[in-house]
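Reviewing the structure listed below.
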Amino acid sequence: MKMTEEKLKHWHSFYTNEGICFIPFAEFLENIKKASRKSTNQARASYNGIEFSSDDLFSQKSLNIYSLIAITKTLLENSKTRNKTILIGSDKSVDNKLLSNLKRSISSKRIRVLEYNTEEINEFIVLNTSLDVKIDFYLYLKKSLINNKYYLKIYQNHCMLDLQQQRDLLLQANEFDKEIILQNYENTAKLKIEKFLTFYDLKLQNKFQSLNQLQSGHKNLNIKTFLRVPQDEYFLNTILINQGFNIKKISNIYVELSDNYLFGFFKKIQNLSNKSQITDIIIVGDKKSRFKIYFNIKNKLIYISNDELLYLYINFYFLTWKKQNKLQDNKLIIPHHTSQGIINLLKTFNIKYSYLEHIENKNILLANFLDNYSSNLDNFLDFSNYQFILEICLMAESYKNNNNLLDYKYLKMRKYFSDYVFATYTFRTSFDVLKNIDNLFVPMQALRWGFKIVDVNVFNHSVEYLHEFIQLKITEKRSGIYIINIFYDYANESLVLKQEQHSSNYKVFKLWPKIKARVLNHLLLMEIKKLLSKNTPKIVNKKD
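Position 388 (the sequence shown) corresponds to 388 in this note's numbering; numbering is contiguous.
Right, here's the structure in full:
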């Protein structure tokens, strides 16, 4: 879009008056032209909010104070409401001065600006505030620790703007050409986060008590939490404690331990504990707010994988969803590498599901990818994990009070998955060298040792932590069909190959198909390494 001279002069004057940069107008214009040619300067609609790829000062497609004010003022001007209230917040990675200037730009007699009384906020708080408190607009700005992109979430009428609304707002904001004058001070009111948490607890009690799932005082379930993000520790522990669970926080002296060493430490402590002190659940959250859950099964701590958690969760809550008439309008959102066992379970229960590329912000029973889970009281998208973990604890409490039924349910789940052979292989590499991987394999491509690719599904789409490349279906005369999903884990900077094969014969003969899975993996890695010949990745992890 060609900018008007008036717009450019207003932009330059604003930067000069606020001391953002002191350069002549001609130099300012040259910087604008350079910024417009950079491919990294992009703003687009996403399920996670308006996504900015950079923070270039001279691009309206980047996150800077000018683009932020243009979007916010356009949003407010589109509203026909005479007097407006707007709540503004961010995570700690966002510069405070950016939000301070935004508040100063919109404060007026008819626009009331609110902010939280603490910096310890995240998307969970903003989403649930938007659902429970009558405020016209909610703005939440965050920076992803995974891809270093910025995301602006905007809520209106208790819902986040959908993709089309985000696109329309971006187009309208590009036309913004008004003079910007900031107030001398922030005129804001504080919203107490403690009141929100109290109200949220009441909502939880109303929901679960009606289903006889929430009882006063969960003294039978012993939970340990080790959460590396302060917001996770505060919010999750507060929610669990307020619902009556026994919570013990693991000391921060273990913060530098890897999950494997941490788990080993927990197992030793468990073996030394007396029966009354044995931990039932351990919840571990990493620095990127991804969670792992460990159950006490027959007095042994066992890590519950993504697919296993889904199986237990769906089986336990299916009747609840059915009683609440949740199945008609809501669905599960899953990645393509979800086990066929889970997909078959959803089909058996007649539960609607779709994949991550079709993700929406509402009508969500559950969404998940790479140890992230969205479960929300009002079925909105919320990857904070908190309510999902609460519901897992409620499930475990219910089973424990019913003759330790969790052991039985776990064994039943293992029997269900005994028809499947899984193999996951991971190696470190940068995402940039994988751009052509979706062209690497084609249908009817013959591999060595009798393997043949019979089908290739190309996805090539990203969510914040995950990029799904392709799914291969490969046959071998005596082994049936292998399903291999190839995806990239941004958090661990790793390419992942997840294999799965289904056959009832594997209940007895597990070793031979595992050997074949290793052979197939080797063949696929050889093809991939040809693509990465200039940057051969270092293999850091391999497990079956």
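Ideal Cβ placement from N, Cα and C applies to all residues, glycine included.
Quiz item: Ordered along the chain, which non-local residues of its own chain (more than five positions away) have a Cβ less than 8 Å from that of L272?
Solution: With a pLDDT of only 47 at L272, under the threshold of 50, the placement of this residue in the model should not be trusted; the figure read from the coordinates follows. Result list for L272: empty, nothing under 8 Å.
Self-check item: Contact under 8 Å by Cβ, T72 with L139
Solution: yes
Quiz prompt | Euclidean distance between Cα positions of N376 and T4 | solution = 45 Å
Quiz prompt | Buried or exposed by the 16-neighbour rule on C-beta atoms within 10 Å, applied to Q60 | solution = buried
Quiz item: Quick one: Cα of F545 to Cα of N122, how far?
Solution: Not covered by the structure: residue 545. The range shown for the chain is 1 to 544.
Quiz prompt | Burial state of E77, where buried means 16 or more other Cβ atoms lie within 10 Å | solution = exposed
Practice problem: State the Cα-Cα distance for the pair K84 and K143, rounded to the nearest angstrom. | Solution: 27 Å
Quiz prompt | Beta-carbon contacts of D162 that lie in its chain and below 7 Å, excluding the five residues immediately before and after | solution = N361
Practice problem: Have a look at Y465, L495, F469 and flag the residue whose alpha-carbon is nearest the alpha-carbon of F427. | Solution: L495
Exercise. Can you say whether I181 is buried or exposed, counting buried as having 16 or more other CB atoms within 10 angstroms of its CB?
Key: exposed
Quiz item: Is DSSP giving R44 helix, strand or coil here?
Solution: strand
Exercise. Let me know the beta strand (DSSP E) ranges lying completely inside the segment 106-188, each 3 residues or longer, listed in chain order.
Key: 111-116, 137-143, 150-156
Exercise. Would you tell me roughly how many angstroms separate the C-alpha atoms of L8 and F349, rounded to the nearest one?
Key: 58 Å
Quiz item: Considering R37, what are the terminal residues of the alpha helix (DSSP H) in which it resides?
Solution: 25-37
Quiz item: Between the segment 313-321 and the segment 291-298, are three or more C-beta pairs nearer than 8 Å?
Solution: no
Quiz prompt | First through last residue of the beta strand (DSSP E) which encompasses L608 | solution = Not covered by the structure: residue 608. The range shown for the chain is 1 to 544.
Exercise. Would you please state the rounded distance, in angstroms, between the beta carbons of N128 and Y200? I believe it to be under 8 Å.
Key: 6 Å
Quiz item: Does the segment 405-414 come close enough to the segment 304-315 to have 3 or more Cβ pairs within less than 8 Å?
Solution: yes
Quiz prompt | Where the alpha helix (DSSP H) containing R414 begins and where it ends | solution = 405-416
Quiz prompt | Inter-residue Cα distance where the pair is N187 and S398 | solution = 49 Å
Quiz item: For H337, which of helix, strand or coil comes out of DSSP?
Solution: coil
Quiz item: Any idea if P335 is buried or exposed, counting beta-carbon neighbours within 10 angstroms, 16 or more meaning buried?
Solution: buried
Self-check item: Proximity below 8 Å, CB of L472 to CB of V456
Solution: yes
Practice problem: Measure the alpha-carbon distance for E256 versus N31 and round it to whole angstroms. | Solution: Below a pLDDT of 50, predicted positions are generally treated as unreliable, and E256, at 49, falls in that range; no measurement from the model is reported.
Self-check item: Through-space distance from S100 to Q183, alpha-carbon basis
Solution: 10 Å
Quiz item: So D455 is in the beta strand (DSSP E); what residue range does that whole segment cover?
Solution: 452-463
Quiz item: Leaving out the 5 sequence neighbours to the left and right, which residues in its chain are closer than 6 Å to E18 when beta-carbon positions are compared?
Solution: none
Quiz prompt | Beta-carbon spacing of K498, T429 below 8 Å | solution = no
Practice problem: Please confirm whether I483 and E500 have their CB atoms less than 8 Å apart. | Solution: yes
Quiz item: Is the CB-CB distance between L169 and L87 below 8 Å?
Solution: no
Self-check item: Per DSSP, the bridge partner or partners of H467
Solution: S462, Y488
Quiz prompt | Within 8 Å, strictly: CB atoms of Q291 and D177 | solution = Checking the displayed sequence, the identity of residue 291 turns out to be Phe instead of Gln. No, the Cβ-Cβ distance between F291 and D177 is not below 8 Å.
Self-check item: Buried or exposed by the 16-neighbour rule on C-beta atoms within 10 Å, applied to V442
Solution: exposed
Self-check item: Sequence-distant residues of the same chain with beta carbon closer than 6 Å to K33, five excluded per side
Solution: none
Exercise. For W449, count neighbouring Cβ atoms within 10 angstroms of its own Cβ and tell me buried if that reaches 16, exposed if not.
Key: exposed
Quiz item: Between S90 and the rest of its own chain, which residues show a CB-CB distance below 7 Å, the 5 nearest in sequence each way excluded?
Solution: L99, Y140, L141, K142
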